[in-house]
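Undergrad:
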Amino acid sequence: MKFILTRELGRLAKWLRILGYDTEYFSQGNLSSLIIQALRDSRVIITRNHRLPQSPGIKAIFIKTEKIKEQLKESLKALMIPLDHALMFSRCIICNEQLVDIAKDKIKDKVPEYVFNTQEDFIRCPKCGRIYWQGTHWGNVEAILQEIEQ
Ligand SMILES: [Zn+2]
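Written out as structure tokens, the structure reads:
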């Protein structure tokens with residue numbers, strides 16, 4: 005399942021990417037170009053914008069809450085998707101690209117020394133070059149997800 009989120013849901017877009025979902029963030033443009041993009045890529049629209057017109061073939065979810073944890077809960081519930089731990093941390097939070105494994109010896113100068121010395125597995129975004137490793141970048145994601153799952 006793929007998503008497209010409107011301007012006011014930037015944080016939620018990042019979270020859906022952390023969870024591994026293909027999530028576009030529609031921050032510029034009018035509602036009709038949003039609909040065109042959603043139709044073209046078969047994306048579910050997630051929005052708080054009630055001016056979004058009903059269109060045939062478009063699935064849209066309207067988020068009611070303002071707090072990020074609640075928004076995430078609301079989305080997962082509305083979409084009826086369970087959290088899939090295997091998918092998590094597989095996408096770049098910034099560009100939505102699928103991350104790829106990178107050998108430790110190739111990133112020596114690209115991460116802090118402490119990280120290099122304490123981590124074994126690294127993944128890289130092929131688009132922006134950002135390097136990720138378990139723990140640091142994602143902070144307390146696991147803890148937040150546990151709260152959401154309850
Ligand atoms: Zn990236």
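First residue of the sequence shown: 5, per our numbering; consecutive thereafter.
Yeah, the Cβ is synthetic: ideal placement off N, Cα and C, and Gly gets one too.
1) Quick check on the DSSP output: what are the complete alpha helix (DSSP H) runs of length 4 or more inside the segment 44–116, in order along the chain?
2) Per DSSP, R128 forms a beta bridge with which residues?
3) I want to check one thing, is the minimum distance from the CB of R21 to the heavy atoms of ligand 1 below 7 Å?
4) What residue from Q32, L149, I67, K81 has the CA that sits closest to M92's CA?
5) I'd like the span of the beta strand (DSSP E) that includes L9, first residue to last.
6) Given this structure, state the Cα-to-Cα distance separating K114 from C96, to the nearest angstrom.
TA: By the coordinates alone:
1) Those alpha helix (DSSP H) runs which fall completely within the segment 44–116 and span 4+ residues are 72–83.
2) As a working note, residue 128 is residue 124 in the sequence shown. In DSSP, R128 forms a bridge with V104, I135.
3) By 1-based counting over the sequence shown, the position of residue 21 is 17. Every heavy atom of ligand 1 is 7 Å or more from the Cβ of R21, so no.
4) For this step, residue 92 is matched to residue 88 along the sequence shown. Ranking Q32, L149, I67, K81 by Cα distance to M92 puts L149 first.
5) Locating residue 9 in the sequence shown gives position 5, counting from the first residue. Counting along the chain, the beta strand (DSSP E) containing L9 begins and ends at 6–10.
6) Start at 1 with the first residue of the sequence shown, and residue 114 comes out as number 110. Start at 1 with the first residue of the sequence shown, and residue 96 comes out as number 92. K114 and C96: Cα-Cα distance of roughly 17 Å.
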